[in-house]
Amino acid sequence: MIIHGAAVAFSGATELKISDVRITDGCIAAISGNLTERYPDDAVIDARGLWLMPGGIDPHVHFYDPGYTEKEDFLHGTGFAAAGGITTIIDMPCTSKPPVCCLDHLTEKHAVVKPKAVVDYAFHGGMSRQLMDSGPDEPLASLIGWVTGVKCYGVSGMDDVWGALDYYRMSILMRKARELGLPVLLHAEDASYVNNATAAARAAGADAIQWYRSRPEIAEILAVRSAVAIAEETDADLHIVHLGTGKAAETVAQSPERISGETCPHYLEFTLDDYLAHGAVMKIAPPVKSAGNRERLWQLLADGSISFVASDHAPGTVEEKSGTDIWQNSCGIPGVGTLLPYTLARGYIEGRLSLARYLEVISENAARRFGLWDRKGSIEPGKHADLVLIDPDSTWTINGRRFFSKGHQTPFEGTKLSGRVEKTLVRGRIVFDRSELTDDNAVEAPLADAAGWGELLKPVK
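In our numbering, the protein residues as written are 9 to 469.
Below you can see the structure in the form of structure tokens.
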């Protein structure tokens with residue numbers, strides 16, 4: 009197959025370059041300007057007028073499969089990813105039954121999700137307080153070569169089954185993970201502060217703004233500073249997930265290179281003032297913060313201080329997200345399918361990110377961070393043909409009813425973006441094609457036979 013005449017986004021480039029890209033055996037075989045003439049028998053995708061970019065990598069999703077599939081599953085999660093130009097996802101360990109905390113559990117989970125996967129996927133392993141206290145060495149060691157990192161929480165909404173780690177336990181985990189060569193991923197909010205602030209916020213009411221008041225900026229700042237100090241003391245490889253506070257991100261930026269961070273579109277778009285309009289639909293953890301944080305996060309993303317973006321995709325059912333009592337509503341929003349379009353539009357097209365920086369935050373840096381760079385993250389010969397064709401002239405509006413995800417409630421409802429995904433390829437196979445949609449109001453589903461095409465990815469150092 010040859011993708012002909014697209015404006016191609018190459019790693020490190022300052023501008024797009026018109027090229028042909030030839031694909032054989034699922035990989036990029038050649039890049040040149042005249043490949044249709046050299047290989048006249050190849051199938052051709054006429055991509056003139058379109059942008060050809062690396063498929064996105066979303067390193068932080070919760071697909072709830074198996075165990076909580078009323079919220080989401082691998083078919084709908086990876087299908088939504090494909091419709092949004094994401095070609096690789098990394099699923100979090102704690103929101104499935106069984107959780108991915110040992111190789112036996114990973115193997116059991118993989119058997120369930122593989123037939124459903126539309127895009128390629130990897131797994132983060134996890135560590136809870138319960139597992140730390142019962143003996144973490146053997147479960148952790150069993151995951152070596154299989155998982156891209158080990159996730160833990162500073163504060164947990166699932167504390168009875170997946171307890172948060174205090175700083176002492178966190179230091180033990182970081183030492184063990186360092187010995188095993190695994191990065192530690194941390195949900196960074198300070199448990200002592202959050203627990204006390206939550207008690208005060210609950211007493212004050214049940215409107216959506218109380219959620220922010222239970223977990224304000226200082227809770228994240230304290231946790232990040234403490235975790236970074238532990239990582240520096242233990243020489244650990246630490247990654248802070250879903251940074252929503254500018255000062256916390258600055259702490260990461262000033263740390264050794266082995267300490268990194270990500271942010272999410274909701275922190276780049278919304279502020280606490282938006283709780284009035286969105287209510288429980290915008291209940292996420294950590295919550296969005298004051299407006300100054302939004303601008304500072306964009307600055308830190310642009311200058312390289314924040315390594316990449318992730319969606320933290322974690323939808324809830326309509327019933328879980330529609331109540332008037334914020335304390336009874338579930339956390340999380342669907343986002344894997346809007347991650348790339350949002351970052352492309354608000355970042356590159358609107359001028360907040362250079363082309364080279366956009367490619368880093370949507371594909372390259374996550375691939376490098378989690379051991380996938382040998383196969384993923386850029387358009388170059390020998391790598392997987394994970395590609396997305398974008399119509400740069402298309403302006404469209406986010407409509408949650410069209411999400412292939414099981415979650416359709418999004419605070420991004422009605423957001424207008426420029427640049428639309430037309431086709432998504434995973435290892436050379438078209439898994440989403442907008443031209444196949446027969447109704448402008450149809451759910452944006454992947455191709456019907458794409459389920460099962462996705463493959464499990466193991467990290468390579």
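Think of the CB as a built atom: it goes at the ideal place given N, C-alpha and C, for glycine as much as any other residue.
- The Cβ atoms of residue 19 and residue 386 sit closer than 8 Å to each other.
- Excluding its 5 nearest sequence neighbours in each direction, residue 357 has C-beta neighbours in its own chain below 8 Å: 400, 426, 427, listed in chain order.
- Within the same chain, 410, 412 come within 6 Å of residue 451 by CB-CB distance, once the 5 residues on both sides are set aside.
- DSSP, reduced to helix, strand and coil, places residue 70 outside both helices and strands of the structure shown, so it counts as coil.
- Ranking 24, 227, 29 by CA distance to the CA of residue 9 puts 29 first.
- Look at residue 355 here: in three-state DSSP terms it is helix.
- Annotation for residue 34: 392, 393, 435, 436, 437 place their beta carbon closer than 8 Å to its own, counting only its chain and skipping 5 residues before and after.
- Residue pairing by DSSP places residue 260 opposite no residue, since no beta bridge is assigned to it.
- Note on residue 259: 16 or more other CB atoms within 10 angstroms of its CB, so buried under the neighbour-count rule.
- In the three-state reduction of the DSSP assignment, residue 450 falls in the coil class.
- Under the 8 Å Cβ criterion, the segment 209–220 does not count as touching the segment 176–186, having fewer than three qualifying pairs.
- Distance from residue 118 to residue 155 at the Cβ level is roughly 11 Å; contact not present, criterion being Cβ atoms closer than 8 Å.
- Its Cα nearest to that of residue 332, the residue 215 stands out among 157, 207, 215.
- Look at residue 273 here: in three-state DSSP terms it is helix.
- Burial state of residue 199 is buried, judged by a 10 Å Cβ sphere holding 16 or more other Cβ atoms.
- In chain order, 290, 296, 419 place their CB closer than 7 Å to the CB of residue 278, counting only its own chain and leaving out the 5 sequence neighbours on each side.
- Counting of Cβ neighbours within 10 angstroms places residue 354 among the buried residues, the total reaching 16 or more.
- Residue 435 carries a coil assignment under DSSP once its states are collapsed to helix, strand and coil.
- Burial is judged here by how many other beta carbons sit within 10 angstroms of a residue's own beta carbon; residue 45 has fewer than 16 and is exposed.
- In this structure, 309 is the residue among 309, 167, 444 with its C-alpha nearest to the C-alpha of residue 359.
- From the listed residues 263, 123, 113, 455, the smallest Cα separation to residue 88 is found for 455.
- The Cβ-Cβ distance between residue 459 and residue 123 falls below 8 Å.
- With 16 or more neighbouring CB atoms inside 10 Å of its own CB, residue 129 falls in the buried class.
- Here residue 281 is exposed. Its C-beta has fewer than 16 other C-beta atoms within 10 Å.
- A contact is defined here as three or more CB-CB pairs under 8 Å, and the segment 311–328 meets this definition with respect to the segment 369–377.
- Rounded to whole angstroms, residue 324 and residue 50 show a C-alpha spacing of 44 Å.
- Residue nearest to residue 141 within the set 170, 383, 97 is 170 (criterion: CA-CA distance).
- For residue 238, the enclosing alpha helix (DSSP H) begins and ends at 225–242.
- The alpha-carbon separation between residue 430 and residue 398 amounts to approximately 6 Å.
- Taking all protein chains shown into account, residue 320 has 16 or more neighbouring C-beta atoms within 10 Å of its C-beta and is therefore buried.
- Less than 8 Å divides the Cβ of residue 367 from the Cβ of residue 17.
- Membership of residue 140 in the alpha helix (DSSP H) is indicated by the continuous run 137–142.
- In this structure, residue 363 sits away from residue 80, with a CB-CB distance that is not shorter than 8 Å.
- When the Cα atoms are used, residue 164 and residue 207 turn out to be separated by approximately 15 Å.
- CA-to-CA, the gap between residue 336 and residue 162 works out to about 21 Å.
- Between residue 406 and residue 390, the gap from beta carbon to beta carbon reaches 8 Å or more.
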